[in-house]
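Down below is the structure, laid out as structure tokens.
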Amino acid sequence: MQTSADRQDRHEYPAHWEADVVLRDGGTARIRPITVDDADRLVSFYEQVSDESKYYRFFAPYPRLSAKDVHRFTHHDFVDRVGLAATIGGEFIATVRYDRIGADGMPASAPADEAEVAFLVQDAHQGRGVASALLEHIAAVARERGIRRFAAEVLPANSKMIKVFTDAGYTQNRSFEDGVVRLEFDLEPTDRSLAVQRAREQRAEARSVRRLLAPGSVAVVGVGRAPGGVGRSVLDNIRDAGYGGRLHAVNKAFPEDLKEVDGVPAYRCVRDIEGPVDLAVVAVPAEYVPAVVAECGEHGVQGLVVLSAGYAESGPEGRERQRALVRHARAYGMRIIGPNAFGVINTAADVRLNASLAPEMPRPGRIGMFAQSGAIGIALLSRLHRRGGGVTGVTGVSTFVSAGNRADVSGNDVLQYWYDDPETDVALMYLESIGNPRKFTRLARRTAAAKPLVVVQGVGSAPQGHAVRATRLPHATVAALLGQAGVLRVDTITELVDAGLLLARQPLPAGPRVAILGNSESLGVLTYDRALAEGLRPSRPVDLTTGATAEDFHRALTRALADTTNDAVVVTAIPAIGEASPGDAELAEALRSAAAAVPGKPVLVVHVELGGLAEALSAAASTAPQAVDKTPGSAADAHLPPLSASLERGDPHPPGGRLPTATAGASAGAPTPTAAPSDGTRLIPAYPAAERAVRALAEAVKYGQWRREAVDPGKVPEYDDIDEKGAARLIGELLARGEGLTISDAETCELLGRYGIPVRRALPAPAPDAAAEAARTLGYPVALKATAPHLRHRADLGGVRLDLADEEQLRRAYAELTELFGKPEELRPVVQGMAPRGVDTVVRAVIDPAAGAVLSFGLAGAASQLLGDMAHRLVPVTDREATSLVRSIRTAPLLFGWRGSTPVDTPALEELLLRVSRLVDDHPEVVAVTLEPVVVAPQGVSVLGATVRLAPPPARDDLGPRTMPAY
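Written out as structure tokens, the structure is:
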């Protein structure tokens, strides 16, 4: 008789359990179910485990597995007995299994909901976080199979395994009996287990990126013997940047007797390199990349930067080639930047890596940059190099990543790295698409709480090379959600750089109050008008007149900074004529010294045709080395001699007096930032136009306010009258009728009522007599409404009659509606009791498969719909976020007594928003809610119409085990 242990799978092979994971040290592994075909792999794996580890697993000496053991550990039903393996290069490095047990501790089947779990990790891979990752995945599998609790027996000396269980964050019990520690823990995720999981995710993903950006050795594969070509160019760029690690040139076409290429050791194959290789830069045609990946994997390379094109950007065939590339690399535990990438740069003094197509190394600084587009990366870096007094040439870059097709390493991974990177103070990102909005928003919120994050987000469809999950949310909604997470979203690359410069070296403003001073009344007025348009609160400009000296600027700036009614200062400057006019360097020193005396407020400069001032502001405290080459137009000409030496001696002017006026850099309209000295000296950014300076300041004000509010984000309130269990039962009963459905009005009222959201009763009126009967039931005055789809919520079309005081008015209104719009069966009229007068609004909630649950609010009516005036927040919404949501729409003044109207009950409106948020957060089966209209009166709110859609809850990948995007 065949036992359950002898039967092949009771379920089909669960391919959805397969996953790639990032380990603690930044390497990767693949987790998959163990099958009957894994017998040889299991035996080989066990032979490489130490006797001590075997003893800890079996509580006795166990030198080898018997045939019965191998059979047992490879035959699973994927329900009551499950085994998972972590693999690298197709070979096992760790295993975990569970066996379902009953109350007596013996093997059992459902409905038993407890299982014993046990791990075994190869000694060479212990300490890499493999067991922690396996625990997350086996727990998710167990929950899927109806198991709610794990039990594990561990020897007291096996402290590493005990730590794996105790550090996981699950609710657990521990006991000690017969010399064995018994741990029992619930598998339901807790706040602590999620926090532990996300902290591990951050450390692992950050280290995986660090291995790519700070390698100890680099091999460039595809280096030509003659100058030129992608591979040779990258090799030259790495060498010329002063890379401090070991550098190797690789090309299978090299002659066997070739030993060096321009002083760099040359090899025909990566396998021929003696010693480890941390990073391989691949610059060979796409058809040769698989062989290179195999060579790198077999040699133990940790990561790849693939510059090669011909992948997903080229069409379906290339997309499949890209998937195969990722699968191939992950099989060896390697991560990939690219393909079709521009490269990576790390300016840290102990790294100096320019593994990119950028011919020059940017100056070191505090700005991290990420671009999905190689073209944008090229434009950014070439522009910054072209201007010595321009953007990053002075402020400086910490790291730069151009991810190309973003097949593996994405913006999310780089955010994880920047979060605790001590070399990065500001993060700038150009995103053509957001592959995982839910995760990106979570990471962005955490990063923005520590350092500014400025993003340019593409509006159009994602490039062909990007694998992006579908989202139903409009671009404006996604942008609003990013703003909720503290992201400064700007529209252009110019604005990206402008904001980054200000945030890199100036303190955050404490509020929107702005002082404006300068030597041009007209430029001051332009700045004032622009500040008003950006929502700032500028004071009247102080005109110092065109004859103002450097000392006049110094005194005026000192006064403005000392004034407690100012949060920031914008200095405007135009060229002056006359012997008394200040030189650029003299004016720069005057402004810098005044700003240094009061360091708590940001200072910006708007300069018009004062290139020398821009350069002087940049150089005033620069620690960069002196330039040598003074040839006009040369790179050194762009980096003018700094003033730091003369200023430290107390000289008010540099040698030779006034600095030369900047050339193409300033005239081209680039903002000129301050230098980024290592001593933290405060430096002043200068902008060639008032609107650019003010826009950057407005972003800084917005970010400063978000940072202050993020300290206390509020709380999700509890309401005693919410019947969560009753709502769950009702939802279960309704879903039993079908996979997805819009429930009836009566069911909607019942469900919303369980969350304290009453809907004003409406009765059908298929005929005039029925309308009169409904009005008598509800009581006059009443409203008569047509609910046909083309007339619903369209009072402007005349489909609504309000304040009907008696039956005569009701019958007359009924006749008018049917005469205008057709028969009652076409109109679907209803009668509803009149609500108190107020402001009509609309509340919506929707669950997006990519971004999660989103709560939206706006005023009802065509005007708001036409303008797209809706505000959005991610669920769950806190009390402070509900308050902010109500005030975020442009038409919000209508709620607060605009033009003498009576203010309405916004606290009641906020409570309604919070209750809707709780509903969709507690019950993910509620995939859409619309309350329209919601009349907000001076006292209370009235929900006049509501629709609810139910469906099986979408998968929540953010609550499951850590995984990398699937290929």
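The opening residue of the sequence shown carries number 7 in the numbering used here; numbering runs sequentially from there. Glycine included, every Cβ here is placed at the ideal spot set by N, Cα and C. Here the structure is a predicted model, which means the values were calculated and not measured.
Review point. Buried or exposed: where does L200 fall if 16 or more other Cβ atoms within 10 Å of its Cβ makes it buried?
Key: By one-based count along the sequence shown, residue 200 stands at place 194. Per the 10 Å Cβ criterion, exposed.
Check your understanding: If S223 and G281 are in contact, beta carbons under 8 Å, what's the gap, nearest whole angstrom?
Key -> Here residue 223 refers to the residue found at position 217 when the sequence shown is read from its first residue. Here residue 281 refers to the residue found at position 275 when the sequence shown is read from its first residue. Right, the Cβ-Cβ distance comes to about 7 Å (below 8 Å), so this counts as a contact.
Check your understanding: How many angstroms separate the CA atom of L915 from the CA atom of L900?
Key -> If you number the sequence shown from 1, residue 915 lands on position 909. If you number the sequence shown from 1, residue 900 lands on position 894. Each residue's Cα considered, the two are about 14 Å apart.
Check your understanding: Fully enclosed by the stretch 213-273, which beta strand (DSSP E) runs are 3 residues long or longer?
Key -> Taking only runs of at least 3 residues, the beta strand (DSSP E) segments lying wholly in the stretch 213-273 are 223-227, 252-256 and 270-273.
Practice item. Within the stretch 534-579, note down every full alpha helix (DSSP H) run reaching 4 residues or more, in order along the chain. Key: Listed in chain order, the alpha helix (DSSP H) elements of length 4 or more contained wholly in the stretch 534-579 are 556-568.
**Study point:** For V311 and V287, believed in contact at Cβ under 8 Å, the rounded distance
**Key:** For the purposes of this step, residue 287 is taken as residue 281 along the sequence shown, with counting starting at 1. For the purposes of this step, residue 311 is taken as residue 305 along the sequence shown, with counting starting at 1. Rounded, the Cβ-Cβ distance is 5 Å, consistent with contact.
Check your understanding: Just the Cα atoms here: how many angstroms apart are A571 and R149?
Key -> Your numbering for residue 571 matches position 565 in the sequence shown. Your numbering for residue 149 matches position 143 in the sequence shown. It is worth fixing the name first, because residue 571 is Thr in this sequence and not Ala. Between T571 and R149, the C-alpha separation is close to 58 Å.
Exercise for review: Go through its chain and collect everything with a Cβ distance to Y709's Cβ below 6 Å, but skip five positions before and after it.
Suggested key: Position 703 of the sequence shown, counted from the start, is the residue given in the question as residue 709. Excluding residues within five positions, the ones whose Cβ falls inside 6 Å are P458 and L494.
Check your understanding: Who are the near neighbours of K265 in its chain, counting only those whose CB is closer than 8 Å to its CB and skipping five residues on each side?
Key -> On the sequence shown, residue 265 is found 259 positions in, with the first residue counted as 1. Correct list, in chain order: P271 and A272.
**Study point:** Contact check, A702 vs L563, beta carbons under 8 Å
**Key:** Against the sequence shown, residue 702 aligns to sequence position 696. Against the sequence shown, residue 563 aligns to sequence position 557. Against a cut-off of 8 Å, the Cβ pair of L563 and A702 comes out as no contact.
Check your understanding: Whole alpha helix (DSSP H) runs in the stretch 281-360 with 4 or more residues, listed along the chain?
Key -> Within the stretch 281-360, the complete alpha helix (DSSP H) runs of at least 4 residues are 295-305 and 322-337.
**Study point:** Reduced DSSP secondary structure (H/G/I, E/B, other) of A898
**Key:** Numbered from 1 along the sequence shown, position 892 holds the residue referred to as residue 898. A898 falls in the helix class under three-state DSSP.
**Study point:** Supposed contact pair L950 and V942 - C-beta distance, whole angstroms, cut 8 Å
**Key:** Position 936 of the sequence shown, counted from the first residue, corresponds to residue 942. Position 944 of the sequence shown, counted from the first residue, corresponds to residue 950. 11 Å between Cβ atoms; not a contact.
Point to revise | Outcome for Q512 when other beta-carbon atoms lying within 10 angstroms are tallied against a minimum of 16 | key: Indexing the sequence shown from 1 puts residue 512 at position 506. By the 10 Å Cβ count, Q512 comes out buried.
**Study point:** Straight-line gap, E24 to R968 (C-alpha atoms, nearest Å)
**Key:** Mapped onto the sequence shown, residue 24 falls at position 18. Mapped onto the sequence shown, residue 968 falls at position 962. Answer to the nearest angstrom: the Cα atoms are 12 Å apart.
Exercise for review: State the DSSP-derived secondary structure class of M367, mapped to helix, strand or coil.
Suggested key: Counting from 1 along the sequence shown, the entry for residue 367 is found at position 361. M367: coil per DSSP, three-state reduction.
Check your understanding: Looking at V806 and K791, is the spacing between their C-beta atoms short of 8 Å?
Key -> For the purposes of this step, residue 791 is taken as residue 785 along the sequence shown, with counting starting at 1. For the purposes of this step, residue 806 is taken as residue 800 along the sequence shown, with counting starting at 1. Going by beta carbons, K791 and V806 fall inside the 8 Å limit.
Review point. Looking at V127 and A100, is the spacing between their C-beta atoms short of 8 Å?
Key: Along the sequence shown, read from residue 1 onward, the residue named residue 100 stands at position 94. Along the sequence shown, read from residue 1 onward, the residue named residue 127 stands at position 121. For the pair A100 and V127, the CB atoms are nearer than the 8 Å cut-off.
Practice item. Give the straight-line distance between the Cα atoms of Q871 and Y425, rounded to the nearest whole angstrom. Key: Position 865 of the sequence shown, counting from 1, holds the residue named residue 871. Position 419 of the sequence shown, counting from 1, holds the residue named residue 425. Between Q871 and Y425, the C-alpha separation is close to 38 Å.
Check your understanding: Taking three-plus beta-carbon pairs below 8 Å as touching, is the stretch 30-39 in contact with the stretch 132-145?
Key -> Counting Cβ pairs under 8 Å, three or more are found: they touch.
**Study point:** CB-CB length for G762 against Y725, believed under 8 Å
**Key:** Mapped onto the sequence shown, residue 762 falls at position 756. Mapped onto the sequence shown, residue 725 falls at position 719. The distance from the Cβ of G762 to that of Y725 is about 6 Å, consistent with a contact at the 8 Å cut-off.
Review point. What residue range is occupied by the uninterrupted alpha helix (DSSP H) comprising R452?
Key: Locating residue 452 in the sequence shown gives position 446, counting from the first residue. For R452, the uninterrupted alpha helix (DSSP H) segment begins and ends at P443 to A454.
Review point. To the nearest whole angstrom, what separates the beta carbons of A780 and V852, a pair I think is in contact under 8 Å?
Key: Here the question's residue 780 lines up with position 774 in the sequence shown. Here the question's residue 852 lines up with position 846 in the sequence shown. Their Cβ separation, rounded to whole angstroms, is 32 Å, which puts A780 and V852 out of contact at 8 Å.
Check your understanding: Around the Cβ of G686, are there at least 16 other Cβ atoms within 10 angstroms (buried) or fewer (exposed)?
Key -> Taking the first residue of the sequence shown as position 1, residue 686 is located at position 680. Residue confidence is low: G686 scores 48 on pLDDT, short of 50, so the model does not pin down where it sits. Its coordinate-derived value is still stated next. Counting Cβ neighbours within 10 Å, G686 comes out exposed, since fewer than 16 surround it.
Practice item. Would you decide whether M167 is buried or exposed? Buried here means 16 or more other CB atoms lie within 10 Å of its CB. Key: Here residue 167 corresponds to residue number 161 of the sequence shown, with the count starting at 1. Per the 10 Å Cβ criterion, buried.
Practice item. Would you give the residue range spanned by the beta strand (DSSP E) that F64 belongs to? Key: Walking along the sequence shown from the start, residue 64 turns up at place 58. Counted as a single uninterrupted DSSP element, the stretch harbouring F64 is not any beta strand (DSSP E) but the alpha helix (DSSP H) occupying residues D57 to F64.
Exercise for review: Figure out for me which residue from P544, N346, R78 and G95 has the closest Cα to the Cα of A45.
Suggested key: For the purposes of this step, residue 45 is identified with residue 39 of the sequence shown, where counting begins at 1. Nearest of P544, N346, R78 and G95 to A45, Cα basis: R78.
Check your understanding: Where V845 and V935 are concerned, what is the direct C-alpha to C-alpha distance, given to the nearest angstrom?
Key -> Position 839 of the sequence shown, counted from the start, is the residue given in the question as residue 845. Position 929 of the sequence shown, counted from the start, is the residue given in the question as residue 935. Annotation: V845 to V935 spans about 20 Å, alpha carbon to alpha carbon.
Exercise for review: Could you have a look at D43 and say whether DSSP puts it in helix, strand or coil?
Suggested key: Reading the sequence shown from its first residue, position 37 is the one you call residue 43. Assignment of D43 by DSSP, reduced to helix, strand and coil, places it in the helix class.
Exercise for review: Could you give the DSSP three-state label for F84: helix, strand or coil?
Suggested key: Residue numbering aside, residue 84 sits at position 78 when the sequence shown is read from its first letter. The answer is coil: DSSP assigns F84 none of H, G, I, E or B.
Point to revise | Proximity to R834 [Cα-Cα], best of P162, L550 and A794 | key: Numbered from its first residue, the sequence shown carries residue 834 at position 828. Considering only alpha carbons, the answer is A794.
Review point. Quick one, are the C-beta atoms of S408 and S362 less than 8 Å apart?
Key: Locating residue 408 in the sequence shown gives position 402, where the first residue counts as 1. Locating residue 362 in the sequence shown gives position 356, where the first residue counts as 1. The answer is yes: Cβ separation under 8 Å.
Review point. Using the beta-carbon count (16 or more within 10 Å), is D268 buried or exposed?
Key: In the sequence shown, the residue the question calls residue 268 occupies position 262. Exposed, by the Cβ-count rule.
Check your understanding: For Y68, does the three-state DSSP call read helix, strand or coil?
Key -> Within the sequence shown, the letter at position 62 stands for residue 68. Shown here, Y68 sits in coil according to DSSP, grouped into three states, outside any helix or strand.
Practice item. Could you spell out where the alpha helix (DSSP H) holding R188 opens and where it closes? Key: By one-based count along the sequence shown, residue 188 stands at place 182. Premise fails: R188 lies in the beta strand (DSSP E), V186 to D192, not in any alpha helix (DSSP H).
**Study point:** Selected residue, minimal CA-CA separation from T847, among S890, L880, E813 and V910
**Key:** For the purposes of this step, residue 847 is identified with residue 841 of the sequence shown, where counting begins at 1. For T847, the nearest C-alpha among the options comes from V910.
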